[in-house]
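*Asks:* One line per chain: the protein sequences are A and B, in this order. If you count by our numbering, then the first sequence holds residues 60 to 373, one letter each, in order. If you count by our numbering, then the second sequence holds residues 13 to 44, one letter each, in order. Glycine residues also receive a C-beta, built at the ideal position from the N, C-alpha and C atoms. Since the structure is predicted, the reported quantities are computational estimates derived from the model, not experimental observations.
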Amino acid sequence: LPSPRPLPLLVVTGSGYLGYQYYKRWGQQDNGGPPYLATPTEVALYRSFPTRLLSRTWGRLNGLDLPTWLRKPIYSLYIWTFGVNMQEAAVEDLHHYKNLGEFFRRRLKPAVRPVCSASCLTSPADGKILHFGRVKNSEVEQVKGVTYSLENFLGPQMRQISVSPSSSFRDLLLTSPDSDLFHIVVYLAPGDYHCFHSPTDWKVELRRHFPGSLMSVNPGVARWIKELFCLNERVVLSGQWQHGFFSLTAVGATNVGSIRLYFDQELQTNSPCYRKGSFLDRSYVTMSSQVKGAAGEGGVALQKGEPVGEFNLG
Amino acid sequence: STIVLLFEAPKDFSFNLHPGQRIRVGEGLGSL
Numbered sequence: 060l061p062s063p064r065p066l067p068l069l070v071v072t073g074s075g076y077l078g079y080q081y082y083k084r085w086g087q088q089d090n091g092g093p094p095y096l097a098t099p100t101e102v103a104l105y106r107s108f109p110t111r112l113l114s115r116t117w118g119r120l121n122g123l124d125l126p127t128w129l130r131k132p133i134y135s136l137y138i139w140t141f142g143v144n145m146q147e148a149a150v151e152d153l154h155h156y157k158n159l160g161e162f163f164r165r166r167l168k169p170a171v172r173p174v175c176s177a178s179c180l181t182s183p184a185d186g187k188i189l190h191f192g193r194v195k196n197s198e199v200e201q202v203k204g205v206t207y208s209l210e211n212f213l214g215p216q217m218r219q220i221s222v223s224p225s226s227s228f229r230d231l232l233l234t235s236p237d238s239d240l241f242h243i244v245v246y247l248a249p250g251d252y253h254c255f256h257s258p259t260d261w262k263v264e265l266r267r268h269f270p271g272s273l274m275s276v277n278p279g280v281a282r283w284i285k286e287l288f289c290l291n292e293r294v295v296l297s298g299q300w301q302h303g304f305f306s307l308t309a310v311g312a313t314n315v316g317s318i319r320l321y322f323d324q325e326l327q328t329n330s331p332c333y334r335k336g337s338f339l340d341r342s343y344v345t346m347s348s349q350v351k352g353a354a355g356e357g358g359v360a361l362q363k364g365e366p367v368g369e370f371n372l373g
Numbered sequence: 013s014t015i016v017l018l019f020e021a022p023k024d025f026s027f028n029l030h031p032g033q034r035i036r037v038g039e040g041l042g043s044l
């Protein structure tokens, strides 16, 4: 018998082992076991992939204008693949969109998203509710059973200086002993409308941009990687609403790496280089009133349902 | 991509949602 070649043997045994690991992992998950979390090595391996470079390349590719005859077939394939509802789009004619990036930023007809007047809090985006509830201690659940640290997610708070060191991070955020901290996670799938709106009447006082990884935020990955939302690039808007502290955070992902704010043209996301663990603050409290919606000394006032920003390809 | 809302509200605030549900811009999320 010829001696077995090492490479095919390695590939077969390696893929067999990975297949077994995968089966064991998801089998454990299916029968209600605790979620299988990625090991630090697996996370480091995933983060070592050049997802940011991939994302920017993907964005450049989708910024290239398509010839008119190619637009309908390309966008129709995207519509069919991701279940896009073009009847709701402000412009239904597919030839109108010069490239896929522009198609991805499509606007909707105003009448198709009425803002609920009975609720003090409305959805900021189209998508799927991944998780919601009360924040216990200072850990937030990204999906059932998988948590991340509130402090890592929001970063240090200015009030940290003025209260006793024994206060928990959660206590720092609360302005009244009669209130609690709540959270909700909305996942936007590739076919969803990707602009986000103000979920209530509030004033944005601070924008904190955390450059970071651009791993997928697909629900399966959110179940697998703890602290995913603290590792990915994100923009945290924080301020006050009628009941105290309020924040809206847009978290980027591999194919949707860029985040834009309509009232803050200075924001630049998914830049080629950044320092790990760093963040960049911009206070709107001292902003002059020339900015749209700025309330002068009080920050940027947003009305419930008002368009705030958008995710872009790349 | 993902949007995360973190906010302070009175203890009797309640969500009218269930996990995995589809939601659209402007739809009510909860009430006091």
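(1) Taking 8 Å as the threshold (C-beta atoms), are A:Gly118 and A:Asn371 in contact?
(2) Using CA atoms only, rank isn't needed, just tell me which of A:Ser114, A:Asn158, A:Arg115 and A:Arg341 is closest to A:Ser135.
(3) Taking only beta-carbon atoms, is A:Pro65 less than 8 Å away from chain B?
(4) Which bits of chain B does A:His190 rub up against, with CB to CB less than 8 Å?
(5) Counting C-beta neighbours from all protein chains within 10 Å, is the total for A:Asn329 16 or more, i.e. buried, or is it exposed?
(6) So, under 8 Å CB-CB, A:His242 and B:Leu17 are touching, yes? Tell me the CB distance rounded to an integer number of Å.
(7) For A:Lys187, decide whether its Cβ has a neighbour in chain B, counting only Cβ atoms nearer than 8 Å.
(8) Which residues does DSSP list as the beta-bridge partners of A:Gln299?
(9) Note down the Cα distance separating A:Gly204 from A:Pro94, rounded to an integer number of angstroms.
(10) Going by CA-CA distance only, name the one from A:Leu180, A:Val202, A:Val174 and A:His155 that's closest to A:Lys187.
(11) What span of residues does the alpha helix (DSSP H) with A:Arg193 cover, start to end?
(12) If we define contact as Cβ-Cβ less than 8 Å, is A:Trp300 a contact residue for chain B?
(13) Smallest Cα separation from A:Gly336: which of A:Ser272, A:Gly142, A:Ser238 and A:Leu209?
(14) When DSSP labels each residue in this structure, what does B:Ile35 get in the three-state scheme?
(15) State the start and end residues of the unbroken alpha helix (DSSP H) segment that holds A:Pro278.
(16) Using a Cβ-Cβ distance under 8 Å, would A:Gly358 count as near chain B?
(17) May I ask you to verify whether the stretch 169-179 of chain A touches the stretch 206-219 of chain A, counting CB pairs closer than 8 Å and requiring at least 3?
(18) Between the Cα of A:Trp283 and those of A:Leu68, A:Pro67, A:Pro65 and A:Leu96, spot the shortest distance and give me the residue it belongs to.
(19) Determine the chain B residues that contact A:Asp381 at a beta-carbon separation under 8 Å, and present them in chain order.
(20) Identify whether A:Ser348 lies in helix, strand or coil by the three-state DSSP scheme.
(21) Quick one, which residues of the stretch 163-179 of chain A are near chain B if we go by CB-CB under 7 Å, in chain order?
(22) Shortest alpha-carbon distance to A:Thr116 belongs to which of A:Tyr333, A:Leu125 and A:Ser317?
(23) Can you tell me which of the three DSSP states A:Tyr137 falls into?
(24) Output needed for A:Val263: all residues of its chain with C-beta closer than 6 Å, excluding positions within five of it in sequence on either side, in chain order.
*Replies:* With the given structure in hand:
(1) Translated into the one-based positions of the first sequence, residue 371 of chain A becomes position 312. Translated into the one-based positions of the first sequence, residue 118 of chain A becomes position 59. Taking C-beta atoms as the reference points, A:Asn371 and A:Gly118 count as a pair closer than 8 Å.
(2) To locate residue 135 of chain A, count along the first sequence from 1; it is residue 76. For A:Ser135, the nearest C-alpha among the options comes from A:Asn158.
(3) Position 6 of the first sequence holds residue 65 of chain A. A:Pro65 is outside the set of residues whose beta carbon lies under 8 Å from a beta carbon in chain B.
(4) Reading the first sequence from its first residue, position 131 is the one you call residue 190 of chain A. Correct list: Pro31.
(5) Here residue 329 of chain A refers to the residue found at position 270 when the first sequence is read from its first residue. Classified as buried, A:Asn329 has 16 or more neighbouring CB atoms from the shown chains inside 10 Å of its CB.
(6) Working through the first sequence from its first residue, we reach residue 242 of chain A at position 183. Working through the second sequence from its first residue, we reach residue 17 of chain B at position 5. Indeed, because the Cβ distance is near 6 Å, the residues count as touching under 8 Å.
(7) By one-based count along the first sequence, residue 187 of chain A stands at place 128. The beta-carbon of A:Lys187 is placed less than 8 Å from the nearest beta-carbon of chain B.
(8) Translated into positions along the first sequence, residue 299 of chain A becomes position 240. The secondary-structure analysis by DSSP pairs A:Gln299 across a beta bridge with A:Lys262 and A:Phe304.
(9) On the first sequence, position 145 is the one that residue 204 of chain A refers to. On the first sequence, position 35 is the one that residue 94 of chain A refers to. A:Gly204 and A:Pro94 have their C-alpha atoms roughly 7 Å apart.
(10) Taking the first sequence and counting its residues from 1, one reaches residue 187 of chain A at position 128. Of the candidates A:Leu180, A:Val202, A:Val174 and A:His155, the one whose C-alpha sits nearest the C-alpha of A:Lys187 is A:Val202.
(11) As a first step, residue 193 of chain A must be located in the first sequence, where it is residue number 134. That residue, A:Arg193, is in no alpha helix (DSSP H); its beta strand (DSSP E) goes Gly186 to Arg193.
(12) Working through the first sequence from its first residue, we reach residue 300 of chain A at position 241. At least one chain B Cβ lies under 8 Å of A:Trp300.
(13) In the first sequence, counting from the first residue as 1, residue 336 of chain A sits at position 277. Nearest of A:Ser272, A:Gly142, A:Ser238 and A:Leu209 to A:Gly336, Cα basis: A:Ser272.
(14) Position 23 of the second sequence holds residue 35 of chain B. Strand.
(15) By 1-based counting over the first sequence, the position of residue 278 of chain A is 219. A:Pro278 -> alpha helix (DSSP H) spans Pro278 to Trp283.
(16) By 1-based counting over the first sequence, the position of residue 358 of chain A is 299. It does not; no Cβ of chain B falls within 8 Å.
(17) They do not touch, by the three-pair rule.
(18) Here residue 283 of chain A refers to the residue found at position 224 when the first sequence is read from its first residue. Among A:Leu68, A:Pro67, A:Pro65 and A:Leu96, the Cα nearest to that of A:Trp283 is on A:Leu96.
(19) The requested residue 381 of chain A is not part of the displayed model; chain A covers only 60 to 373.
(20) Indexing the first sequence from 1 puts residue 348 of chain A at position 289. With a pLDDT of 47 at A:Ser348, under the threshold of 50, the modelled position of this residue cannot be trusted, and the question is left open.
(21) Those residues of the stretch 163-179 of chain A that come within reach of chain B (Cβ to Cβ, closer than 7 Å) are Arg172, Pro173, Val174, Cys175, Ala177, Ser178 and Cys179.
(22) Here residue 116 of chain A refers to the residue found at position 57 when the first sequence is read from its first residue. Per the C-alpha coordinates, the member of A:Tyr333, A:Leu125 and A:Ser317 positioned closest to A:Thr116 is A:Ser317.
(23) As a position in the first sequence, residue 137 of chain A is number 78, starting the count at 1. Helix at A:Tyr137.
(24) Against the first sequence, residue 263 of chain A aligns to sequence position 204. Same-chain partners within the cutoff: Leu296, Gly298, Tyr343, Gly358 and Val359.
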